[in-house]
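Since the structure comes first, as structure tokens, the remarks are kept for the end.
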Amino acid sequence: MASALAAKMGFNSLARKQNRSFNVRICTMESDMEFSCKVKWKGKDLFELACRTLGLRETWFFGLRYAVKDTLAWLKMEKKVLDQDLPKEEPITLHFLAKFYPENVEEELVQDVTQHLFFLQVKKKILEEEIHCPPEASVLLASYAVHAKYGDYNPNVHKLGFLAQEELLPKRVVNLYQMTAEMWEERIAACHAGHRGRAREDAEMEYLKIAQDLDMYGVDYFLIRNHRGTELLLGVDALGLHIYQPDNKLTPKCSFPWNEIRDVSYSDKEFTIKPVDKKADVFKFNSSRLRVNKLILQLCIGNHDLFMRRRRVDSLEVQQMKAQAKEERARKQMERRRLQQEKQLREEAERARDDLERRLMQLQDQAHAANQALLRSEQTADLLAEKAQVAEEEAKLLAQKAAEAETETQRVKVTAMRGQEERRLMEQKMLEAEMLALKMAEESERRAEEAEQLKQDLLEARESEHRAKHSLLELTSRVYTYPAPPAEHTAGREHLSSDFKDTDMKRLSMEIEKEKVEYVEKSRHLQEQLNQLKTEIDSLKLKERETSLDFIHEQNLEQGSSKRSNFKKSTLQSTKSRVSFFEEL
């Protein structure tokens, strides 16, 4: 099988030389790129082609990585691509990744594309738990990642469940608490709502500024042994070399900053580091394989060069890049402000329109209610008029009957005089007639009073009808028109020139200085936000599911130690004492 594989590898190499070209697939964090490369190409030719395709100028942070024999390796720039120990199948697959990390992302990362590539890579490492991240920081980082993807939080659009398909938190954090996916989403959305007004680039930068303070950020770990055979971890990052216990990747036992290291070399599996202090002992350790030593040396040289480069004056190219980036950010900031003003004016116009529509609806309801009241008043007035007419007719009828009774009384009086008996009878009839007449008169007066009352009610009803008609006339006589859109909103989106006046640049410079002054306040606010998140979710934590790194992180918090404080504390010791400490581990 080995001979067949060798024959196949030889055939592929021969085929490449005959074709004078070969195919390469370069995978980035977002997409893949495929190139047809010439056989004579060196690593830098392929790397520069990939950088030009991405529009990347800050090339010194990145490299092309590949896997070989269970080890990761980086493509050498000055060596031919096909002369390196690459996978033999075509297309050759390489990964375009950040090889070196900045000390301060806000000061060093100039291009937006550089920042975006770092953001994607760091986010992937945190989600895959290659970088340990505490739960409260994970929630805050997730909110910035959501803002970078979806923009400002909108409760009408970003309803509960819109993040169900997103991978935002490390599985370790999710399993550590008795919280449902909806509860996590609510906390992420609450933080997301607080980032309103930030651009995508700003959200990604805030993500990186928080991530760079994590203990495992930007550190490459390698298993080593000291001269006693004790297994330890070597950490290589932008600040220097760090020695860790194998079960604690968060807190280094000792550190060696790059400015204290004079020379780095290896012989076979033994690695040698010579301090600047010539009185100090040489720092030596052994790695598992020669290939690992080569990788450590590459990372040491690259990080040391960048460390020294940061402490020198920027090259002309970097100065031009920073000036262009500053001008571009100022232009984008002004454009964002203009768009924000337009958005605010549009929202105000929409709110005014909604208020007018709501007011119009209220007035329409009032007019409808007035019409109904008027209709009821007219019906009541008609009914009262009808009752008054009936009462008046009844009063007339009763008055007629009273007159007839009075006539009958007179006639009875005349007839009563005819005889005693008849007189008595007539007196009796007269008495009855008088009583009846009295009753009729009383009834007539009562009917007359009732008729008078109905007339009074009719007058009041007509007055009410008149007032309702007058109110309706006032409501219908009003005219409501929508306000004309502000001139600033409709004046158009004028072209924004890239040339700024001196006064504008001075104003922007003052704003930048103001932002620097506010940095401390923002840091304090960030720490308060993290403490608040920790307090909210701490009661739901399942202590039995905590990992060893979680326990170590909690101890570091209680002791008030951090990544940078541990590094400073370690460097306060002499180089000789640190080397001796390493040898005695």
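Numbering (the numbering used here), first residue to last: 1111 to 1695. Even for Gly, the Cβ is constructed at its ideal location relative to N, Cα and C.
* Scan the stretch 1235-1262 and note each continuous alpha helix (DSSP H) run of 4 residues or more that stays entirely inside, going in chain order. => 1245-1260
* Of all the options Lys1150, Val1149, Gly1173 and Phe1332, which has the alpha carbon lying nearest to the alpha carbon of Ala1160? -> Gly1173
* Flag this pair as yes or no: are the beta carbons of Pro1362 and Tyr1354 separated by less than 8 Å? => yes
* DSSP state of Phe1272 mapped onto helix, strand, coil -> coil
* To do: Give every residue of the same chain whose Cβ lies closer than 6 Å to the Cβ of Asn1396, excluding the five residues on either side of it in the sequence, and list them in chain order.
  => Arg1335, Lys1379 and Glu1380
* Compare the beta carbon distance of Leu1564 and Lys1506 with 8 Å and say whether it is the shorter of the two. => no
* **Unbroken alpha helix (DSSP H) run spanning Glu1295, endpoints** => For Glu1295, the uninterrupted alpha helix (DSSP H) run begins and ends at Ala1291 to Ala1303, by DSSP.
* Look at the alpha carbon of Met1540 and the alpha carbon of Glu1560, and state the distance between them as a whole number of angstroms. => 30 Å
* To do: Return the residue from the list Arg1634, Val1215, Lys1259 and Arg1135 that minimises the CA-CA distance to Tyr1176.
  => Arg1135
* Candidates Ala1348, Lys1190 and Pro1265, of which the one nearest Asn1214 by Cα -> Ala1348
* Asked: Three or more C-beta pairs closer than 8 Å, one from the stretch 1643-1662 and one from the stretch 1218-1235: is that the case here?
  -> no
* Counting Cβ pairs, one atom from each stretch, are 3 or more of them under 8 Å apart for the stretch 1146-1155 and the stretch 1184-1202? -> yes
* **Buried or exposed (CB count within 10 angstroms, at least 16 for buried), Val1329** => buried
* Asked: Val1249 and Arg1297: beta carbons closer than 8 Å?
  -> yes
* **C-alpha gap between Lys1678 and His1414, whole angstroms** => 18 Å
* Asked: What are the boundary residues of the alpha helix (DSSP H) that Ala1321 is part of?
  -> Arg1310 to Ala1321
* To do: Confirm, please, whether the CB-CB distance from Leu1251 to Ile1236 is below 8 Å.
  => yes
* Gln1128 burial status per 10 Å Cβ neighbour count (16 or more: buried) -> For Gln1128, the predicted structure reports a pLDDT of 49, less than 50, and the residue's modelled location is therefore unreliable. A value from the coordinates is still provided. Per the 10 Å Cβ criterion, exposed.
* Over what stretch of residues does the beta strand (DSSP E) that includes Ser1375 continue unbroken? -> Unbroken beta strand (DSSP E) run through Ser1375: Ile1371 to Ser1377.
* **Burial state of His1337, where buried means 16 or more other Cβ atoms lie within 10 Å** => exposed
* **Of the residues Glu1575, Glu1503 and Glu1518, the one placed nearest Glu1562, counting alpha carbons only** => Among Glu1575, Glu1503 and Glu1518, the Cα nearest to that of Glu1562 is on Glu1503.
* To do: Helix, strand or coil for His1697, going by three-state DSSP, please let me know.
  => As shown, the chain starts at 1111 and ends at 1695. That puts residue 1697 outside it, with no answer to give.
* Taking 8 Å as the threshold, find out whether the stretch 1397-1407 comes into contact with the stretch 1305-1323 through three or more Cβ pairs. => no
* **Distance between Glu1668 and Leu1164 (C-alpha atoms, nearest Å)** => 44 Å
* Glu1199 and Asn1133 closer than 8 Å at C-beta -> Going by C-beta atoms, Glu1199 is not nearer than 8 Å to Asn1133.
* **8 Å Cβ cutoff met for Glu1575 and Ala1491** => yes
* Asked: Looking at C-alpha atoms only, which residue of Tyr1263, Leu1279, Met1289 and Glu1295 is the closest neighbour of Leu1273?
  -> Glu1295
* Which whole-angstrom value describes the C-beta separation of Phe1332 and Val1402, a residue pair presumed to lie in contact below a C-beta threshold of 8 Å? -> 6 Å
* By Cβ distance below 7 Å, which residues in the same chain neighbour Arg1439 in space, the five residues on each side in sequence not counted? -> Answer for Arg1439: no residue qualifies.
* Arg1634 to Glu1654 span [Cα, whole Å] -> 32 Å
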